[in-house]
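Residue numbers (the numbering used here): 5 to 332.
Only one structure is covered here, and it is reproduced in the block below.
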Ligand SMILES: NC(=O)c1ccc[n+]([C@@H]2O[C@H](COP(=O)([O-])OP(=O)(O)OC[C@H]3O[C@@H](n4cnc5c(N)ncnc54)[C@H](O)[C@@H]3O)[C@@H](O)[C@H]2O)c1
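Okay, here's the thing in C-alpha cells:
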C-alpha cells in the first residue's frame with residue numbers, strides 16, 4: 005500500500021482522495037488544507053489525518069507520494085518541497101504558471117530521484133483515447149482540421165482564485181490547456197497560434213477561440229468558455245482525408261446495461277451495471293501514476309508534455325493580449 009498525502013481539500017483534492025481509496029493500492033495518510041474543516045471532512049471519509057499545514061505530512065518518512073491539488077500558483081512551491089522531502093509527486097494540471105516554473109519542478113524531481121506526473125486527464129477519457137488511437141493508426145488518413153470545444157459556467161473556488169489571472173492564468177491556461185495537450189498528443193507540436201478572447205469582471209466570464217497551425221500542417225481551433233450558463237460540456241470533430249471522428253458530450257447517452265440477477269427464476273431483480281466502470285478517467289490516471297511510482301510502467305503524460313502544453317497556452321495568451329499571431 006502506498007501512503008499518500010493530498011494537499012488541498014477543494015474540488016480536485018476530493019477527487020484524488022476518492023481515486024486513491026478506490027484504487028485499492030494506496031492509503032491516504034493526510035489531507036492538508038488551511039480550511040481545516042474541509043480537510044477534516046474529506047479525511048473522515050478515508051481515515052486520514054487532517055492538517056491545516058502540509059509541512060507535517062512532508063516530514064513523515066512513511067509518506068511516499070504527495071498529490072498536489074492546490075491552486076496553480078502554488079504548484080511549483082509544493083512540488084519542490086515534496087521532491088526535497090523525497091516524495092513522488094502527482095500534480096494537477098496545469099503544471100505551473102510559467103514554463104520556467106514547470107522546468108524547475110522537473111529538475112527538482114530529477115535531482116531528488118522522485119517521479120513527477122501531471123494530471124492531463126483528457127488522455128484517459130475513453131472518447132479522446134479512441135480519437136487519438138484512430139488518428140495514430142492512420143484510420144482517418146491525413147488530418148486536415150480539428151475542432152474542439154470545452155466549457156461551462158465560471159468556476160467558483162477558494163478565494164476566487166480562478167478569476168485572478170496572476171493565480172490561475174485564466175481560461176486559456178487553465179481550461180483550454182486540456183485541448184492543447186490533446187492536440188499535441190495526437191498531431192505533434194503546434195507551430196503558431198492566433199487567439200481572440202472576451203472577458204468580463206462582473207459577472208465574471210471569459211470565452212476564447214484559438215486557431216492553431218500544427219507543424220504537421222493540420223489546422224485546429226479550440227474554443228474554451230467560462231461563460232456558458234448550462235452545464236459543463238465538451239466536443240470535438242477531427243477530419244482527415246480518409247474519414248472523421250466526432251464526439252459531443254451533450255448528445256452521448258450514458259451506457260447502461262440491465263440484466264436479470266443470475267440467481268433465482270422469474271423476473272428477478274434488475275441490477276444496473278456499468279460496462280465502463282473500468283474506464284473512469286481520474287481513477288485510471290491515478291492507477292497509472294501508482295504503477296509508474298513503483299517503476300512498473302512509463303507515464304502516458306510526461307512532465308515535458310505538460311510544459312509543452314503550457315507553452316501553447318502562454319502563446320495563446322500572448323496572442324489574445326497583443327492581437328498578433330504568435331509562433332512557438
Ligand atoms: N484535471 C482536472 O480535470 C481539473 C479540474 C479542476 C481543477 N484542476 C486543477 O486542480 C488544481 C486545484 O483546483 P481546485 O478546483 O481543486 O481548487 P479549489 O480552490 O477547489 O481547491 C484548492 C484548495 O487548496 C487549498 N489551499 C490553499 N493554499 C493551500 C496550502 N498552502 N496548503 C494546502 N491547501 C491549500 C484551498 O483552501 C482550497 O481548498 C488547479 O491547478 C486546477 O487547475 C484540474
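Just so it is clear, CB atoms sit at the ideal spot from N, CA and C, and this is done for glycine as well.
1) State the CB to CB distance for the pair residue 173 and residue 98, rounded to an integer number of angstroms; the pair is presumed to be in contact (CB under 8 Å).
2) State the start and end residues of the unbroken beta strand (DSSP E) segment that holds residue 367.
3) If we ignore side chains and look at the alpha-carbon of each, how far apart do residue 319 and residue 236 end up?
4) From residue 132 to residue 126, what distance separates their C-alpha atoms?
5) Pick out whichever of 5, 17, 26 has its Cα sitting closest to the Cα of residue 284.
6) Apply the 10 Å Cβ neighbour rule to residue 142 and answer buried if 16 or more other Cβ atoms are within range, or exposed otherwise.
7) Using the Cα positions of residue 211 and residue 186, report the straight-line distance between them to the nearest angstrom.
8) Does DSSP classify residue 16 as helix, strand or coil?
9) Express the C-alpha separation of residue 30 and residue 1 in angstroms, rounding to a whole number.
10) My guess is that residue 296 and residue 307 are in contact by the Cβ rule of under 8 Å, so how many angstroms apart are they, rounded?
11) Bridge partners for residue 211 per DSSP, in chain order?
12) Buried or exposed: residue 202, going by 16 or more other Cβ atoms within 10 Å of its Cβ?
13) How about residue 228 and residue 123: do their beta carbons lie closer than 9 Å?
14) With DSSP run on the structure shown, which of helix, strand or coil describes residue 129?
15) Are residue 23 and residue 287 close, meaning C-beta to C-beta below 9 Å?
16) As a quick exercise: from 231, 224, 230, pick the residue whose alpha carbon is nearest that of residue 241.
17) Since I believe residue 171 is in contact with residue 238 (beta carbons under 8 Å), could you give me their beta-carbon distance rounded to a whole number of angstroms?
18) Do the stretch 35-43 and the stretch 51-60 make contact, defined as three or more Cβ pairs closer than 8 Å?
19) Give me whichever residues DSSP pairs with residue 136 in a beta bridge.
20) Is residue 170 near ligand 3, judged by its Cβ being under 8 Å from some heavy atom?
21) Taking residue 108 and residue 80 to be in contact with their CB atoms under 8 Å, please state how far apart those CB atoms are, rounded to whole angstroms.
22) Does the Cβ-Cβ distance between residue 61 and residue 83 come in under 9 Å?
23) Is DSSP giving residue 64 helix, strand or coil here?
Let me spell this out:
1) Start at 1 with the first residue of the chain shown, and residue 173 comes out as number 169. Start at 1 with the first residue of the chain shown, and residue 98 comes out as number 94. Going by Cβ atoms, the distance from residue 173 to residue 98 rounds to 7 Å, so yes, they are a contact pair.
2) Given a span of 5 to 332 for the chain in the structure shown, any question on residue 367 remains unanswerable.
3) Within the chain shown, numbered from 1, the residue matching residue 319 stands at position 315. Within the chain shown, numbered from 1, the residue matching residue 236 stands at position 232. Roughly 25 Å between the two C-alpha positions.
4) Position 128 of the chain shown, counted from the start, is the residue given in the question as residue 132. Position 122 of the chain shown, counted from the start, is the residue given in the question as residue 126. For residue 132 and residue 126, the distance between alpha carbons rounds to 7 Å.
5) Taking the first residue of the chain shown as position 1, residue 284 is located at position 280. Per the Cα distances, 26.
6) Counted from its first residue, the chain shown places residue 142 at position 138. Exposed: under 16 other Cβ atoms inside 10 Å.
7) Here residue 211 corresponds to residue number 207 of the chain shown, with the count starting at 1. Here residue 186 corresponds to residue number 182 of the chain shown, with the count starting at 1. Rounded to the nearest angstrom, the two C-alpha atoms are 19 Å apart.
8) Residue mapping note: residue 16 aligns to position 12 of the chain shown, counting from 1. Correct three-state label for residue 16: helix.
9) The structure shown does not extend to residue 1, since the chain spans only 5 to 332, so no value can be given for it.
10) As a position in the chain shown, residue 296 is number 292, starting the count at 1. As a position in the chain shown, residue 307 is number 303, starting the count at 1. That belief does not hold up - the Cβ atoms of residue 296 and residue 307 are roughly 11 Å apart, past 8 Å.
11) The residue given as residue 211 occupies position 207 in the chain shown. Residue 211 is bridged to 202, 229.
12) Start at 1 with the first residue of the chain shown, and residue 202 comes out as number 198. Its Cβ having fewer than 16 others within 10 Å, residue 202 is exposed.
13) Position 224 of the chain shown holds residue 228. Position 119 of the chain shown holds residue 123. No.
14) The count along the chain shown starts at 1 and reaches residue 129 at position 125. In this structure, residue 129 counts as coil in the three-state DSSP scheme.
15) Translated into the one-based positions of the chain shown, residue 23 becomes position 19. Translated into the one-based positions of the chain shown, residue 287 becomes position 283. In this structure, residue 287 lies closer than 9 Å to residue 23 by Cβ.
16) Looking up residue 241 in the chain shown gives position 237. Selected option, being the one with the closest Cα: 224.
17) For this step, residue 238 is matched to residue 234 along the chain shown. For this step, residue 171 is matched to residue 167 along the chain shown. No, residue 238 and residue 171 are not in contact; Cβ-Cβ is about 24 Å, not under 8 Å.
18) yes
19) On the chain shown, residue 136 is found 132 positions in, with the first residue counted as 1. None; residue 136 has no bridge partner.
20) The model depicted lacks ligand 3 and carries ligand 1 instead.
21) Here residue 108 is taken as the residue at index 104 of the chain shown, counted from 1. Here residue 80 is taken as the residue at index 76 of the chain shown, counted from 1. Indeed, because the Cβ distance is near 6 Å, the residues count as touching under 8 Å.
22) In the chain shown, counting from the first residue as 1, residue 61 sits at position 57. In the chain shown, counting from the first residue as 1, residue 83 sits at position 79. Not closer than 9 Å, so no.
23) The count along the chain shown starts at 1 and reaches residue 64 at position 60. Residue 64 falls in the coil class under three-state DSSP.
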